[in-house]
Amino acid sequence: MFDISIIGHFSIDSIILPERQKPYTILGGSVVYASLAAKSLGAKVSVISKVGEDFPKAYLWCLDQEGIDLSRVTICSGAKTTRFELKYARNLTERTLKLISMGAPINEEDLPKSLRARVIYLAPITHEISYGTAEKARECAEVLSLDPQGLIRCFDENGTVAYNSSMDTRILELVDIYKSSLEEILALTGVSELKSAIRAVHNFGVKTVIVTLGAKGSMLSIEEAIYEIPAYKSEKVVDPTGAGDAF
């Protein structure tokens, strides 16, 4: 049994920072940051994902060297890997996110019958996880956790990312732990006040709700008892990509 299995797409991210003349490319996706964070805390970690033939094998080698189980990462013939372009403003708190390519969906058939984990973390970034996949994951885990960012994203004809409330909210009825940013929970619930949005998520039966607030820290609500948690102050932010995912 794994301590945590994480389901979602890897991505290849092109990062554009105001202090650098040229963009640079890194491995991204919530599955990366979450799996590395969990492994650093001593957890037994697996990843279930799909990539295209364009995915650099060196990325898989690096994660394998960290001791992360990648036996359920599928390289799909003829498919592309999910790719994003992230362009940051000078203050590094605002960014424009653009989808370049989208990988294949992760279906319930992609979850092995033998899968058992204390926690399964659903970490979609481009609608790759359906209700059926979430329902199957629920059967395989003691605790089901969700970051809904990839289920509430919409993409215009140029790939620019925005948020809407079109997510299949039946997924929330399966979930024990919910984690998202402030912008995401407001978009999902359609309300404009944070504590009201948290209550709306609890109303689906979610026991624990976590909202990350950037430099302001985070808010934790356990069965509607709310705790405000400050953030550690950093001397200098170089690249904020993945900070919320690692949380």
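Using my numbering, the first residue of the sequence shown is number 1215, and each one after it goes up by one.
For every residue, glycine included, the Cβ atom is placed at its ideal position computed from N, Cα and C.
8 Å Cβ shell around residue i - same chain, five flanking residues per side excluded
| i | result |
| --- | --- |
| residue 1403 | 1379, 1410, 1411, 1414, 1415 |
| residue 1418 | 1383, 1386, 1387, 1389 |
| residue 1253 | 1259, 1280, 1281, 1282 |
| residue 1285 | 1260 |
| residue 1408 | 1396, 1399, 1400, 1425, 1433 |
| residue 1381 | 1362, 1365, 1366, 1402 |
| residue 1274 | 1284, 1287 |
| residue 1372 | 1312 |
Residue span of the beta strand (DSSP E) that contains residue i, given as start and end
| i | result |
| --- | --- |
| residue 1415 | Residue 1415 -> not in any beta strand (DSSP E); alpha helix (DSSP H) instead, spanning 1408-1416. |
| residue 1328 | Note, residue 1328: premise wrong, no beta strand (DSSP E); not H, not E. |
| residue 1346 | Premise fails: residue 1346 lies in the alpha helix (DSSP H), 1345-1354, not in any beta strand (DSSP E). |
| residue 1231 | No beta strand (DSSP E) contains residue 1231, which DSSP labels as neither H nor E. |
| residue 1283 | 1283-1290 |
| residue 1217 | 1216-1221 |
Own chain, CB closer than 7 Å to residue i, minus 5 neighbours either side, in chain order
| i | result |
| --- | --- |
| residue 1369 | 1313, 1375 |
| residue 1309 | 1300, 1301, 1302, 1303 |
| residue 1401 | 1366, 1377, 1378, 1379 |
| residue 1342 | 1222, 1223, 1317, 1319, 1320, 1364 |
Unbroken alpha helix (DSSP H) run spanning residue i, endpoints
| i | result |
| --- | --- |
| residue 1400 | 1396-1403 |
| residue 1206 | This structure cannot speak to residue 1206, because the chain is shown only from 1215 to 1461. |
| residue 1250 | 1244-1254 |
One or two residues paired with residue i in a DSSP bridge
| i | result |
| --- | --- |
| residue 1367 | 1377 |
| residue 1340 | Bridge partners of residue 1340: none, in fact. |
| residue 1310 | 1301 |
| residue 1239 | 1228 |
| residue 1545 | Nothing in the structure corresponds to residue 1545, since the chain is present only between 1215 and 1461. |
| residue 1391 | 1359, 1422 |
| residue 1320 | 1343 |
Neighbourhood of residue i by C-beta, 6 Å cutoff - its chain only, sequence neighbours within 5 removed
| i | result |
| --- | --- |
| residue 1215 | 1330 |
| residue 1453 | Only weak support exists for where residue 1453 lies, its pLDDT of 47 falling under 50; the coordinates are left without a value. |
| residue 1435 | 1412, 1423 |
| residue 1433 | 1425, 1442 |
| residue 1231 | 1302 |
| residue 1332 | 1217, 1356 |
| residue 1363 | 1398 |
| residue 1220 | 1245, 1248, 1249, 1261, 1335, 1337 |
| residue 1242 | 1225, 1227 |
Test: residue i CB closer than 8 Å to a CB of chain B
| i | result |
| --- | --- |
| residue 1439 | The structure shown contains no chain B; it is built from a single protein chain. |
Item to complete: Scan the stretch 1418-1453 and note each continuous beta strand (DSSP E) run of 3 residues or more that stays entirely inside, going in chain order.
Response: 1422-1426, 1432-1436, 1439-1443
Discussion item. Closer than 8 Å is the cut-off here; do at least three beta carbon pairs connect the stretch 1423-1430 with the stretch 1382-1396?
Written reply: yes
Worksheet item: Would you say the stretch 1288-1295 touches the stretch 1344-1358, given that touching needs at least three Cβ pairs under 8 Å?
Response: no
Practice prompt. Mind the definition here: the stretch 1297-1304 touches the stretch 1318-1327 only if three or more C-beta pairs lie below 8 Å; say whether that holds.
Written response: no
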